[in-house]
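As structure tokens, the structure follows; a few thoughts come after it.
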Amino acid sequence: MTVGRAASVVRFGRPPAIRKPLRVDPRTRLPHPPVKIVTRDFAPCRLEDHYYSTLQDDLMYLTYKHELGPRPPPRQIRLTYDPNNPYSKYRYNPPVGGSQLGRKPPPPCTAENVIQLEMVQLHIMHKKAITSRSHLLGPIMALRALSGETEKGGGQHALEGVQIIKSKKQVGGWIRKGIPVGAKVNLKGHAMYDFIGTLVDFVMPRIREFQGIELPPPSANTETPAAVSGVVSFGLPPSAMGFFPSNRSQPGRVSRNVWYAYTFRDQRNRCRCAG
Amino acid sequence: MSSRTLLSLCRPAIHSSRRFMATEATQLSSSSTFEPVRSSVQPRKGKKPILNTAIILNRSPLITRTPTTFERAYYAYQARLRRALSNPFPYEFYFKQGSILETRFEMEEQKRERRAFGPTFGKPKEDDDKEKAAANRAAALQLAEQEGEFEEMMPRSHSSDEAKDYKSLDRRGKRNLYLLLKDANDFWRFPQGGIQKGELLHQAAQRDMYDECGKHMDAWIVSRNPIGHYRPPVTLSPEGTPLPEQVTFFFKAHILQGQCRPSENMKDFAWLTKQEIESYVDKHYWDGIKDVLSDN
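Residue numbers (the working numbering), protein chains in the order written: chain B, 19 to 293; chain P, 2 to 297.
Here's what the structure looks like:
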């Protein structure tokens, strides 16, 4: 093998000439790739690296609870249904009195068990969409610009993209059941970290009179499943939408006069704030 | 076994500085009879150990790590795939027709297409009004310059890297740096000190840190509980009886601003990565602390 100039690993040659056109999907009129492709991470993630180099150790030390000796065996509470009965064998079978989720002690603290971000959900509810569903287009496109997620994007079959939310209940004088009123999108992995980086660097410093994210007070009851689920929800004012760099180019599209209710939910696995 | 001896056996096991806490924790929780993890622990009658606290003062990484060649190739390939498979972008919704932002986005996008797929892609559109298009492009370039697009980035290695200035806090921006002090006996160790009467461990740690490293630092101790402990080899007094043991508990702290100014009895200080620390400290100390320090 001759020693010449090293080939660049980030440059590519010309794409091959198309000899036979690809098979086209009749409904979407888009070509089918000849192999099943799944795209994954396409850039290094700054916040994820920061988590693994700095945050993870600190969080482990901060949330560590020392346990003296082995735990006493848990209280055996009878199940709601008979697990041997073939009619109720595969039913959801919690203990009598509830799932005990908030009342059980958290799992023991280990290096593998450190608190971590799992998912971020962005949710916009638009009041004007109650009267006319075309008003939803703005929030949908805004979420699409923020997240970049599309349904089954990149061959990832579990991605749902931006989803439309329909109302659940009928409240007289305001809303009917089953009409589209909002949009949501779930972010995981690199997309999630990139979004949080943008939120923290661009948006939060520019919000007027930002008081921080409100967390439950120390006196709040920690024995409920909601308290131990590790979900943190907060909303941002409508002006925050214009501070995202992806929305910078479309100041007229996302109206500043309308109040959007945003909920950003961070789900953590096995949150240890109970007990 | 009395409950007191049980507790004294238990504490060193849990506060072990080993990273594999998972195996220890599950052993403890699953075992029906409690067994001591360290069989060498022998409670001495009347000889209470002397407790010290030490601070592992850490400067977090300033820049991200360099991706390996494989990672760069992988990311470039995945980015190209993503671009090839992505939906066409709805320009008209996001940009006003004929605006400078639209022109700038088009220019950047054409450059990205050419880089990904070759010179036959990413060709600029044929415009009827060539003068207006050229004017728009010039305005877009000016806007990009105003926003700082063509600024030179700082180099990834600092001048203290070449100069091997071990006192600098800007050295080795990608790694975690830890503070080591050289005491009067020429031993390199973490800043440490004793505990006063009525003081809690984490309070003693903070006081010892500022006593030995000076008050010209903005430092934050991470948690109230120690992150590891160290038991030096037992020394004998001149009479031959074993001296009381000196157990050191480590606390992690981050330096946010400032610099260490060691006290008069300290000869020297250095900010070192984990691998560099190994050559500075003695073997027994290294074995005790190596699992607490970060490889990143």
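Note that the Cβ used here is the ideal one computed from N, Cα and C, for glycine as well.
Does the Cβ of residue i have 16 or more other Cβ atoms within 10 Å, making it buried, or fewer, making it exposed?
i	result
Arg-78 of chain B	For the sequence presented, residue 78 of chain B should be read as Met rather than Arg. With 16 or more Cβ atoms within 10 Å of its Cβ, Met-78 of chain B is classed as buried.
Lys-253 of chain P	buried
Phe-94 of chain P	exposed
Leu-170 of chain P	buried
Phe-270 of chain P	buried
Thr-67 of chain P	exposed
Ala-77 of chain P	buried
Just curious, the beta strand (DSSP E) that residue i is in, first and last residue?
i	result
His-255 of chain P	247-259
Met-210 of chain P	Taken as a continuous stretch (DSSP letters only), Met-210 of chain P belongs to no beta strand (DSSP E), being part of the alpha helix (DSSP H) at 202-214.
Val-138 of chain B	135-143
Ser-251 of chain B	249-252
Gly-215 of chain B	Unbroken run through Gly-215 of chain B is the alpha helix (DSSP H), 208-216; no beta strand (DSSP E).
Asp-219 of chain P	218-222
Leu-273 of chain P	269-273
Tyr-179 of chain P	178-183
Lys-146 of chain B	Careful: Lys-146 of chain B lies outside any beta strand (DSSP E) and carries neither H nor E.
Gln-181 of chain B	181-184
So that I know if they touch, is there some Cβ in chain P lying closer than 8 angstroms to that of residue i?
i	result
Pro-62 of chain B	yes
Ser-150 of chain B	no
Pro-101 of chain B	no
Ser-251 of chain B	no
Pro-198 of chain B	no
Ile-55 of chain B	yes
His-84 of chain B	yes
Val-42 of chain B	no
Arg-32 of chain B	yes
Val-203 of chain B	no
Ser-165 of chain B	no
Glu-232 of chain B	no
Which residues in the same chain as residue i place their Cβ atom closer than 6 angstroms to its Cβ, once the five residues preceding and following it in sequence are excluded?
i	result
Pro-91 of chain B	none
Ile-183 of chain B	Gly-200 and Lys-202
Ala-55 of chain P	Phe-191, Gln-193, Thr-249 and Phe-251
Asp-162 of chain P	Arg-172
Gln-229 of chain B	none
Lys-268 of chain P	Lys-183
Thr-65 of chain P	none
Ile-193 of chain B	Ile-148 and Ser-185
Glu-117 of chain P	Checking the sequence shown, residue 117 of chain P turns out to be Ala, not Glu. Hits under 6 angstroms: Arg-81 and Arg-84.
Gln-181 of chain B	Lys-202
Considering only the beta carbon of each residue, do residue i and residue j sit closer than 8 angstroms?
i	j	result
Lys-48 of chain P	Pro-234 of chain P	no
Leu-63 of chain P	Cys-214 of chain P	no
Ser-61 of chain P	Thr-72 of chain B	yes
Gln-222 of chain P	Ala-206 of chain P	Looking at the sequence shown, residue 222 of chain P is not Gln but Ile. For Ile-222 of chain P and Ala-206 of chain P, yes; Cβs fall inside 8 angstroms.
Gln-147 of chain P	Arg-58 of chain B	no
Ala-74 of chain P	Val-28 of chain B	yes
Val-114 of chain B	Arg-93 of chain B	no
Leu-177 of chain B	Glu-167 of chain B	yes
Asp-212 of chain P	Gly-259 of chain P	no
Arg-41 of chain B	Pro-49 of chain B	yes
Ser-251 of chain B	Phe-213 of chain B	no
Distance cutoff 8 angstroms, beta carbons only. Does residue i sit that close to anything in chain B?
i	result
Asn-88 of chain P	yes
Ile-51 of chain P	no
Tyr-76 of chain P	yes
Ala-55 of chain P	no
Gly-289 of chain P	no
Leu-63 of chain P	no
Gly-158 of chain P	It should be noted that the sequence gives Ser, not Gly, for residue 158 of chain P. No, no contact with chain B.
Asn-297 of chain P	yes
Ile-278 of chain P	no
Phe-118 of chain P	yes
Grab the span of the alpha helix (DSSP H) containing residue i for me, first residue to last.
i	result
Ile-290 of chain P	284-290
Asn-137 of chain P	131-147
Tyr-105 of chain B	Segment: none, Tyr-105 of chain B is in no alpha helix (DSSP H) and carries neither H nor E.
Ile-101 of chain P	101-118
Ala-55 of chain P	Premise fails: Ala-55 of chain P lies in the beta strand (DSSP E), 51-60, not in any alpha helix (DSSP H).
Gly-156 of chain B	155-165
Tyr-78 of chain P	70-86
Gln-193 of chain P	Premise fails: Gln-193 of chain P lies in the beta strand (DSSP E), 193-195, not in any alpha helix (DSSP H).
His-68 of chain B	64-68
If you drop the 5 nearest sequence neighbours on each side, which residues of the same chain put their C-beta closer than 8 angstroms to that of residue i?
i	result
Gln-111 of chain P	Gly-123, Lys-124 and Pro-125
Asp-100 of chain B	Ser-106
Thr-274 of chain P	Arg-173, Arg-176, Asn-177, Leu-178 and Tyr-179
Asp-128 of chain P	Ala-134
Below 7 angstroms, is the gap between the Cβ of residue i and the nearest heavy atom of the ligand FAD?
i	result
Arg-115 of chain P	Looking for the ligand FAD in the displayed structure turns up nothing, as the structure carries no ligands at all.
For residue i, collect the residues of the same chain with a Cβ closer than 7 angstroms to its Cβ; drop the 5 residues on either side in sequence, then sort them by chain order.
i	result
Ser-295 of chain P	Asn-177 and Lys-275
Glu-277 of chain P	none
Arg-232 of chain P	Glu-246 and Val-248
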